[in-house]
Amino acid sequence: MASKESQQHTMAVEPREPGEIQGSLADRIGPVGEFVQGSSSSRSRKRKRGDRDHEEDVVKEPLLTPWIASLGVTEYESKEQRLHDEIMAYVHYIQPTPQEVEVRKIVSARVEEVAVRRFRDARVHTYGSVTTNLSLPHGDVDLVIGTRHVETLDEKKRTLFQLRDRLRNDGIATATQVNARARVPVLSFVSTPESGSINIDVTINCTDGVKAIDIIIDHLKRMPALRPLILVLKGLLLQHNFHSAASSGLSSYALTCMTISFIQLNPMNRPKDYFDDPVQTESLGHLLMDFLNYYGSEFPYATSYISVNTASIKSKESKGWDAINVPERLCIECLINPENDIGKPTGKIKAIRALFRDSLSALQSATLEATQSNILGIILGVPQETIDYREHVRRIVDQGLVYQLRSGRSWSKRGSSHILAGGYPIHTAYSHYAPQASKRPRYERD
1 MASKESQQHT MAVEPREPGE IQGSLADRIG PVGEFVQGSS SSRSRKRKRG DRDHEEDVVK
61 EPLLTPWIAS LGVTEYESKE QRLHDEIMAY VHYIQPTPQE VEVRKIVSAR VEEVAVRRFR
121 DARVHTYGSV TTNLSLPHGD VDLVIGTRHV ETLDEKKRTL FQLRDRLRND GIATATQVNA
181 RARVPVLSFV STPESGSINI DVTINCTDGV KAIDIIIDHL KRMPALRPLI LVLKGLLLQH
241 NFHSAASSGL SSYALTCMTI SFIQLNPMNR PKDYFDDPVQ TESLGHLLMD FLNYYGSEFP
301 YATSYISVNT ASIKSKESKG WDAINVPERL CIECLINPEN DIGKPTGKIK AIRALFRDSL
361 SALQSATLEA TQSNILGIIL GVPQETIDYR EHVRRIVDQG LVYQLRSGRS WSKRGSSHIL
421 AGGYPIHTAY SHYAPQASKR PRYERD
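Pasting the structure below:
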């Protein structure tokens, strides 16, 4: 499409209660096509954890749509055609930069270094959205430490607390928390500002996530529409605080399975080439709206569960997943362990369905003229904080600050296979960084 002069738009989002959808999406954002230039430095404000009688109060800053600038102003035959181009521009904008890839890889390698001090056979495997190239700028990095020396649940918990202390002492981690009561104990922390302020989740010997990588990558290769749809939907869920299973939202894994199933079933009976060649057919706008309609209104939550492995939806009763107390809960068969329901933690599915319906309604009501050719911006944007964060990561990598992390090793630009050996590394096509050879400090086992 030919480019002309371009504009960057901002949209103002009204405060809302997470976990509850009140009023139409258009009402909460404002009149269709009303965009506010500039940005706000305001940040989210939440109630204290102890106040459990009320939902959190969240005041959000205006959201930006910087990807619009890459499109310019062009004549379109329909809003769906324009929406397709905006989705493509968003996907290009939101994908990890070389610096973001680099800093994630370095922090992951530092975690492995600490783990190896504790257990000589330890290997850190990366899984989740980072390995499948489905991550957002602020997305978590999921790591699993594999070791033969930890077997029982108590040993896993004790090891995570030890790892937490050592990551703190090495100046790698801040804001650390071990959730020892979870079904799968997890260490969550944020890396230091000097190492990118990355959200990291660490588990011990939990291999299902690693095993699912090849399956998801295979679907991504065979389904060209899959990645763009997932990235837009992840951004939408994140914007409304529905992106994490830990807070009863929709996990990235569950969303990925839902999107694969949607493409497998083609519930709106779209032409096959809409899925096989979405770029040529300019179909992503249609497919996004179909997804919102299907999972917002059409999917039979009360009776069926999603089975990607059989490319079908099946009876909950046949699986014993029909819960009388929560008949319309989301049920999704795990790709690796078919007896595991990965949709079960999504306690806010009712609110998520309402978000899908409201988003569809807002897109259906939009016109090219009213929105000033910013269709996707009606439902999706990024805060200034995200733009600032990406600039921070670019700076610490380009200026070499990230390579000065306090460690028993110094870091240099040098190719090596050490980083995340034995697992799925965070690859980069731009450069390879590895620690210089030196003796590892030895820790006595606790």
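Just so you know, the UniProt record's numbering puts 142 at position 142 of the sequence shown, and the rest follows in order with no gaps. C-beta: ideal position from N, C-alpha, C; glycine also.
Quick one: residues in its chain with C-beta nearer than 7 Å to the C-beta of residue i, no 5 flanking neighbours on either side, listed in chain order?
i: K79; result: A366, T367, L368, I375
i: K348; result: G19, F242, S248, G249
i: L220; result: T132, L226, R227
Which residues in the same chain as residue i place their Cβ atom closer than 6 Å to its Cβ, once the five residues preceding and following it in sequence are excluded?
i: I332; result: A254, C257, I306, I342, G343
i: A302; result: P327, E328
i: V116; result: A122
i: S251; result: A245
i: L363; result: M289
i: L330; result: G343, T346, I349
Measure the CB-CB distance between residue i and residue j and report whether it falls below 8 Å.
i: S188; j: P345; result: no
i: T203; j: V144; result: yes
i: I336; j: D208; result: yes
i: D140; j: T126; result: no
i: P137; j: R395; result: no
i: I87; j: V232; result: yes
i: V178; j: L160; result: yes
i: K157; j: A175; result: no
i: V124; j: V107; result: no
i: T192; j: I230; result: no
Using a 10 Å radius around the Cβ and a threshold of 16 neighbouring Cβ atoms, would you call residue i buried or exposed?
i: H92; result: exposed
i: A109; result: buried
i: S312; result: exposed
i: K234; result: buried
i: V153; result: Before going further, note that residue 153 is Leu rather than Val in the sequence given. Under this definition L153 is an exposed residue.
i: E282; result: buried
i: K211; result: exposed
i: G128; result: buried
i: P96; result: buried
i: S315; result: exposed
i: R104; result: buried
i: N325; result: exposed
Determine the direct distance from the alpha carbon of residue j to that of residue i, and round the result to whole angstroms.
i: P267; j: P228; result: 18 Å
i: Q162; j: V397; result: 29 Å
i: S373; j: G72; result: 9 Å
i: S261; j: V308; result: 6 Å
i: S361; j: D290; result: 12 Å
i: V150; j: L284; result: 46 Å
i: D85; j: T74; result: 10 Å
i: Q280; j: I352; result: 31 Å
i: T82; j: S135; result: Reading off the sequence, residue 82 comes out as Arg, not Thr. So the alpha carbons of these two residues sit roughly 24 Å apart.
i: N205; j: T147; result: 7 Å
i: Q239; j: E61; result: 11 Å
i: V393; j: I172; result: 15 Å
i: E155; j: P271; result: 53 Å
i: E339; j: V186; result: 22 Å
If you drop the 5 nearest sequence neighbours on each side, which residues of the same chain put their C-beta closer than 8 Å to that of residue i?
i: E317; result: T303
Take every Cβ of the region 93 to 111, pair it with every Cβ of the region 182 to 198, and state whether three or more of those distances are shorter than 8 Å. yes
Answer yes if the region 273 to 288 comes into contact with the region 313 to 324, meaning at least three C-beta pairs across the two stretches below 8 Å, and no otherwise. no
Take every Cβ of the region 211 to 220, pair it with every Cβ of the region 158 to 174, and state whether three or more of those distances are shorter than 8 Å. no
Do the region 63 to 77 and the region 378 to 389 meet, that is, are 3 or more Cβ pairs less than 8 Å apart? yes
Any contact between the region 351 to 360 and the region 286 to 302? By contact I mean 3 or more CB pairs, one from each, below 8 Å. yes
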